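Engineer:
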Amino acid sequence: MIISIIGKGGVGKTTITANLGTALATFFDKKVLLIDGNVKAPNLCFLFNLPESYGILDLIKEPTSISKANTNFKNLKVISSPFGSNFPLDFDIISSLFSFFSTIFDFIFIDTPPSFPEETIKFMELSDYILIIVNPEPLSIIEAYRAMQISQRLNRRVLGILVNKYYASPLISLDEIRKNFSAPVIGIIPQDINVQKHAFKQEPFVTNPTYPASKGILNLASYLVGREIKVIEKESLWSKIKGFIGKIFRR
């Protein structure tokens, strides 16, 4: 399944790509390939603390070099690009690569460039589905409308809308988002300070599945595979103390 992740710059496409891929590989044992489609300003590698040296242009030259795309996570490979690459992408070759990789990986996610440059349109054409990321803000919603229109024009199915960075009393409510899009809202990721903390540490936040944002990612991953996962909450020290005191007084 090839999925292009689309949205306005700043909505969190790269963060969602990294964490959704990690969740599917780690918690659902799926084989996942993440591709940074923004060859001019790649960011995906930074969320995995990977070097920028290996990218999609290398893959075009030597398809068997996919073995170099390893991460610290089983079943997960990441293809980025050196920062500032200006070489044009050969989408005929990329199309052939995608056909080949579809026989190896369960999920291929493309972190597309913001808005709709030619590269984004081409990646959308090569995808099975489109996942649109929005924030509950007007400019993000407007860009999502454009994504819907382009998807329809390309005859590509929109998998759904993912509402990212959701917060209490937003400018645009979930009900308003649901009413104004024909595609379903398939996930909600709340604002969570842990997202920034893990980005600073250059690791996916979903490695701690108890975070509010992690639970949103895991729910989305469950939706994609049609299987639920149970997150075991870690008991806090205070909870342990209260439990111990309770046992004493029940004696």
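Just so you know, we're using the numbering used here here: the sequence shown kicks off at 24 and counts up by one. Quick reminder that beta carbons are idealized off the backbone N, C-alpha and C, glycines included. Source: prediction; values computed, not measured.
How about isoleucine 195 and isoleucine 29: do their beta carbons lie closer than 8 Å?
Structural biologist: On the sequence shown, position 172 is the one that residue 195 refers to. On the sequence shown, position 6 is the one that residue 29 refers to. Cβ atoms of isoleucine 195 and isoleucine 29: not closer than 8 Å.
Engineer: Closest by CA to isoleucine 127, which one among Ala170, Tyr190, Val55?
Structural biologist: Residue numbering aside, residue 127 sits at position 104 when the sequence shown is read from its first letter. Out of Ala170, Tyr190, Val55, Val55 has the C-alpha closest to the C-alpha of isoleucine 127.
Engineer: What is the DSSP secondary structure of serine 103, reduced to helix, strand or coil?
Structural biologist: By one-based count along the sequence shown, residue 103 stands at place 80. Residue state, collapsed to three classes: strand.
Engineer: How many Å lie between asparagine 242 and alanine 46 at the Cα?
Structural biologist: As a first step, residue 242 is located in the sequence shown; it is residue number 219 there, counting from the start. As a first step, residue 46 is located in the sequence shown; it is residue number 23 there, counting from the start. The alpha-carbon atoms of asparagine 242 and alanine 46 are separated by roughly 10 Å.
Engineer: Quick one: complete beta strand (DSSP E) runs, 3+ long, within the segment 33 to 60?
Structural biologist: Correct list: 55 to 59.
Engineer: Out of Thr49, Met24, Ala191, Asn72, point me to the one whose CA is closest to valine 229's CA.
Structural biologist: Position 206 of the sequence shown, counting from 1, holds the residue named residue 229. Per the Cα distances, Thr49.
Engineer: Which residues in the same chain as asparagine 66 place their Cβ atom closer than 6 Å to its Cβ, once the five residues preceding and following it in sequence are excluded?
Structural biologist: For the purposes of this step, residue 66 is identified with residue 43 of the sequence shown, where counting begins at 1. Cβ neighbours of asparagine 66 beyond the five flanking positions: Thr37.
Engineer: Is DSSP giving valine 62 helix, strand or coil here?
Structural biologist: Working through the sequence shown from its first residue, we reach residue 62 at position 39. Coil.
Engineer: Beta-carbon within less than 7 Å of leucine 177's beta-carbon, same chain only, minus the 5 sequence neighbours each way: which residues are those?
Structural biologist: The residue given as residue 177 occupies position 154 in the sequence shown. Cβ within range, chain order: Met147, Glu148.
Engineer: Could you pull the DSSP bridge partners for valine 184 from this structure?
Structural biologist: As a first step, residue 184 must be located in the sequence shown, where it is residue number 161. Correcting the residue identity first, residue 184 is isoleucine in this sequence and not valine. In the DSSP output, where bridge partners are listed per residue, isoleucine 184 has Ile155, Val208.
Engineer: Identify every run of the alpha helix (DSSP H) within the segment 117 to 166, keeping only runs that are complete inside it and at least 4 residues long; order them along the chain.
Structural biologist: 141 to 148, all fully within the segment 117 to 166.
Engineer: With a cut-off of 8 Å on the beta carbons, I'd call glutamate 142 and leucine 112 a contact; round off their distance for me.
Structural biologist: The residue you call residue 142 lines up with position 119 of the sequence shown. The residue you call residue 112 lines up with position 89 of the sequence shown. The Cβ separation is near 6 Å, so the contact holds.
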